[in-house]
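First residue of the sequence shown? That's 2 in my numbering, and the numbers climb one at a time after it. Encoded as structure tokens, the structure appears first; notes follow it.
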Amino acid sequence: MFKRILIANRGEIALRIIRACRELGVETVVVYSEADRGAAYLDLADEAFCVGPAKAADSYLKINNIISAAEVGNVQAIHPGYGFLAENAHFAEICRSCNIEFIGPPHEAMRQLGDKNSARTLAREANVPVVPGSDGLVTNEREAVEIAHKIGFPVLIKASAGGGGRGMRVASNDLTLKSALSQAGAEAQAAFGNAAVYLEKYIERPRHVEVQILADNHGNVVHLYERDCSTQRRHQKLIEESPSPRLTSETRDAMCAAAVRLAKAAHYTNAATVEFIVDQTGNFYFIEVNTRIQVEHPVTEMVTGIDLIKMQLRVAAGEPLPFSQSDIQHRGASIECRINAEDPAAGFRPCPGKIDLLIPPGGFGVRFDSHAYTGYTVSPHYDSMIGKLIVHQPTREQAIRTMLRALAELRVDGLKTTVPIHREILTHTAFAEAQIDTTFVERTWGKA
Ligand code: MV4
């Protein structure tokens, strides 16, 4: 195992990684920006280095500063967390060239899967179902119209360099397809420096189901079942859960097996999430791979009993996975609510500021992953998430009740949070009956 690693992140995930390292006996060096100076979680690391001003582009995203901190801190590896540099293949490559282990996949796998079109090609080759659409990139109008007529409208134009909902456009006839195509290309060029786009049939009201994967350097690839992330708004997840309700065991097995095939085809190592959409009739289609640990990883930890962060460190250090697929059991139901400093009554406007009082919930089946505390100031410079409330119970119904109990216990004074919308969602009959898809929140509470 590593003696000492650097954590190139902040907030709750930095704390989550510090905790895993402490239990593994691994020393930690954490970096922070001027905006995060004085945050209590920094004291739990063995060393902390300031890497720049509040603006992420000048601190958490500044590769030179992060590598310098790693050199001065004398670490053997870097954990990137999520966001920031976590899916930057260039950064992963630089780590390797500096003889620092990147706690994540090889940069080659990250690059191949990060490009959505090449990930789709690889999925096809691995016999993983993809959404009907173009064979590769779409380079002209005539070709786009031809494909659209073959698969039928509506179609979705996706930027190959996009992902997470960025750079997508729906078209429902020849005319809108032509204008959407040129707009999508121009947008993708401006946003990602890459105009490449491809075409898919637009799946109406899909559910979002993703499979957690772990792979070691010895050829072992396992899945840790699925998470359902359909309860989202404008591509921001609000609630995640496992298992995915209303998924048949046949579909679950097929999806998990497909995710493992894709990870093997990519020569993947470390943790990944393979995202699928599931249509109204239960067909599933691969959409993209996230090559990082995800915000919602705790729901998988609760139902499998496996610490994903520790596993990331162990496989990055060259250890084989300590279990095989048949050892991995799925037990009960877990739900996570993202607690953001946002006002759901005002279009989810961010509400940075000082927390006057924070009382965390607790008790049986409750986990609160948060770096926040009474007196902590939520910075306007970063993501507004102040914590993740996770519950685990034998059934989904019980998990919902425990979550409502925990939400009632959680006290955050001084700023608005997403707690009220969570309460509304969890008490909605459609949620109780699991009649949810990716449009549920916006259909029920509006886009605003
Ligand atoms: C789709 C789709 C419908 N049809 N692809 C959005 C994020 C990106 N990961 C892919 N996304 C979608 N791709 C086809 N062919 C609908 C979505 C989508 C979505 C997917 C997952 C989670 C939330 C979503 C919200 C809106 C649209």
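No residue lacks a Cβ here, since even glycine has one placed at the ideal position from N, Cα and C.
Endpoints, the beta strand (DSSP E) within which residue i is located
i: residue 294; result: Here residue 294 belongs to no beta strand (DSSP E), and DSSP marks it neither H nor E.
i: residue 169; result: 167-172
i: residue 325; result: Taken as a continuous stretch (DSSP letters only), residue 325 belongs to no beta strand (DSSP E), as it is neither H nor E.
i: residue 124; result: Premise fails: residue 124 lies in the alpha helix (DSSP H), 117-126, not in any beta strand (DSSP E).
i: residue 436; result: Here residue 436 belongs to no beta strand (DSSP E), and DSSP marks it neither H nor E.
i: residue 241; result: 237-243
Span of the alpha helix (DSSP H) around residue i
i: residue 311; result: 309-317
i: residue 76; result: Element bounds for residue 76: n/a, residue is neither H nor E.
i: residue 251; result: 250-266
i: residue 441; result: 441-446
Contacts around residue i, its chain only, beta-carbon distance under 7 Å, and the 5 residues preceding and following it disregarded
i: residue 93; result: 103, 105, 108 and 111
i: residue 260; result: 212, 214, 224 and 275
i: residue 230; result: 209, 211, 238, 241 and 297
i: residue 152; result: 133, 134 and 202
i: residue 183; result: none
Span separating the alpha-carbon of residue i from that of residue j
i: residue 95; j: residue 68; result: 9 Å
i: residue 215; j: residue 273; result: 7 Å
i: residue 322; j: residue 312; result: 7 Å
i: residue 57; j: residue 399; result: 40 Å
i: residue 7; j: residue 158; result: 39 Å
i: residue 54; j: residue 35; result: 5 Å
i: residue 79; j: residue 177; result: 46 Å
i: residue 421; j: residue 345; result: 8 Å
i: residue 275; j: residue 249; result: 18 Å
i: residue 72; j: residue 227; result: 38 Å
i: residue 388; j: residue 372; result: 7 Å
i: residue 278; j: residue 397; result: 21 Å
i: residue 453; j: residue 186; result: The question about residue 453 has no answer, for the chain in this structure spans 2 to 449.
i: residue 329; j: residue 306; result: 9 Å
i: residue 137; j: residue 115; result: 15 Å
i: residue 243; j: residue 335; result: 5 Å
i: residue 287; j: residue 368; result: 31 Å
i: residue 352; j: residue 412; result: 16 Å
i: residue 155; j: residue 435; result: 26 Å
i: residue 502; j: residue 299; result: Summary: the structure shown does not reach residue 502, with the chain confined to residues 2 through 449, and so no result is reported for it.
Cut-off 8 Å between Cβ atoms - residues of its own chain near residue i, not counting five sequence neighbours on either side
i: residue 39; result: none
i: residue 354; result: 342, 378, 379, 415 and 416
i: residue 189; result: 160, 161, 162, 163, 168, 195, 196, 197 and 198
i: residue 320; result: 2 and 217
i: residue 41; result: 372, 374 and 377
Beta-bridge pairing of residue i - partner residues as DSSP gives them
i: residue 213; result: 274
i: residue 224; result: 214
i: residue 393; result: 335
i: residue 51; result: 33
i: residue 103; result: 79
i: residue 285; result: 279
i: residue 134; result: 201
Contacts around residue i, its chain only, beta-carbon distance under 6 Å, and the 5 residues preceding and following it disregarded
i: residue 11; result: 37
i: residue 405; result: 427
Any non-hydrogen atom of the ligand GTP within 7 Å of residue i CB
i: residue 202; result: This structure does not include the ligand GTP; its bound ligands are the ligand MV4.
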